[in-house]
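The block underneath contains the structure these notes are about, expressed in structure tokens.
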Amino acid sequence: MLYVNGGFGSVAFGRTGGLAFAQSRAILSGWVFGTGYGSGAWNAIDFVAKRMNNVVSYSSPSFGGVTIHAMYSNSGANELAVDDKNKWSKNGHYYGIGAKYANGPILSSLIFEATQNKNSLETNHNPKYGINYGLSWDFGAVTPMFAYQYVWQDQGNKDHQFGLSAKINAGGGAIKVGARYTFGKNDGAAAGTEDKHNAWLVGAAYEYPLSKRTMIKSYAGYADGGKAWKDTTDTKYNGYQVYLGLCHKF
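Just so we're aligned, residue 978 is where the sequence shown starts under our numbering, counting upward by one.
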């Protein structure tokens, strides 16, 4: 991305993730696994936007620990986007606005996102909306966290998601544990089929730094779906996940 920083704040242009996803312009908080760890990711089940092209992003200066963030993209906010070469009215559009509070041990964020993927291969082109709220409090040895998400779309899913998690300093590294519950209704379900669904997940991870740039990461989690998601083979809803890896930052 291209950045312009000054007393007015920060403006960035290029490719990045939405405000409730990842990368340098995101402000999502309150879930210890963030948007990583596979099925343990906060947006593994439902989301408004991940990575996008043609992003314009603004972050305000800090006022007593509060910063305001805004983001726009005209390339679409969906991995199934066809392209971004159509005229403006027929492209996908993403709009995001949020506030982050970071002051001492407290970190919190509130994000609203909206998108309309007119250039997507998906059949439902109705606007999609999402609200994310997160809160964490660092007590030193342990940092408890709370997160909530509501995502809705006409003729699509309307999902609530709650998460409780914590980071615990131990053995020179960090233990991460979390539990997440999602429930909702699919307004686009075919007549006579189950339109309600739910899923829960528990997971634990351990991260151990070998240096400032290299870290050992391990994770184990289990997800289980109910009602319309009970018998699906989708790993977002049902299944185990275990891995051990090495992360190096360039």
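Each residue gets a CB set at the ideal place from its N, CA and C atoms; glycine is no exception.
Fair warning: this is a prediction, and the values are worked out from it, not measured in the lab.
Asked                                                                                                        : Found
Residue(s) in a DSSP beta bridge with ILE1088                                                                : GLY1075 and ASN1109
Rounded C-alpha distance that separates GLY1180 from ALA1151                                                 : 14 Å
Beta bridge counterpart(s) of PRO1121 as assigned by DSSP                                                    : ALA1143
Nearest-angstrom beta carbon gap, ALA1047 and ILE1074 [assumed within contact, 8 Å]                          : 5 Å
Segment contact flag, the segment 1165 to 1172 with the segment 1010 to 1022, C-beta cutoff 8 Å, min 3 pairs : no
Classification of VAL1219 by the beta-carbon crowding that lies within 10 angstroms, buried from 16 upward   : exposed
Anticipated Cβ contact below 8 Å, ASN1175 with GLY1202, distance rounded                                     : 7 Å
TRP1114 to ASN1080 span [Cα, whole Å]                                                                        : 10 Å
Beta-carbon separation (whole angstroms), VAL1032 vs PHE990, contact threshold 8 Å                           : 7 Å
Rounded separation between ALA1058 and ASN1094 - CA only                                                     : For ALA1058, the predicted structure reports a pLDDT of 49, less than 50, and the residue's modelled location is therefore unreliable. The matter cannot be settled from this model.
Inter-residue Cα distance where the pair is ILE1229 and LYS1153                                              : The displayed coordinates of the chain run from 978 to 1227. Any statement about residue 1229 would go beyond what the structure contains.
Residue range of the beta strand (DSSP E) that includes TYR1214                                              : Here TYR1214 belongs to no beta strand (DSSP E), and DSSP marks it neither H nor E.
Residue of GLN1000, SER1006 and TRP1129 minimising C-alpha distance to PRO1121                               : SER1006
Contained alpha helix (DSSP H) runs [length at least 4] in the segment 1123 to 1206, N- to C-terminal order  : none
Short Cβ contact (7 Å threshold) for ILE1004 with LYS1077                                                    : yes
Proximity of SER1034 and ILE1045 at Cβ, strictly below 7 Å                                                   : no
Same chain only: Cβ atoms within 7 Å of ASP1131, ignoring 5 sequence neighbours per side                     : ASN1103 and ASP1164
Nearest candidate by alpha-carbon position, reference ILE1193, set ASN1020, SER1039, GLY1148 and TYR1217     : GLY1148
Terminal residues of the beta strand (DSSP E) in which GLY991 lies                                           : 986 to 994
Inter-residue Cα distance where the pair is SER1001 and PHE1160                                              : 30 Å
Paired residues, beta bridge with HIS1102 - DSSP                                                             : None, per the DSSP bridge assignment.
Backbone CA spacing between PHE1123 and ALA1018 [nearest angstrom]                                           : 14 Å
For MET1048: DSSP bridge partner residues                                                                    : SER1034 and GLY1073
Residue nearest to LEU1187 in terms of C-alpha spacing, selected from LEU1178, GLY1222 and TYR1196           : GLY1222
Cutoff 6 Å; reference ASN1101; Cβ partners in own chain excluding five residues on either side               : GLN1132 and GLY1133
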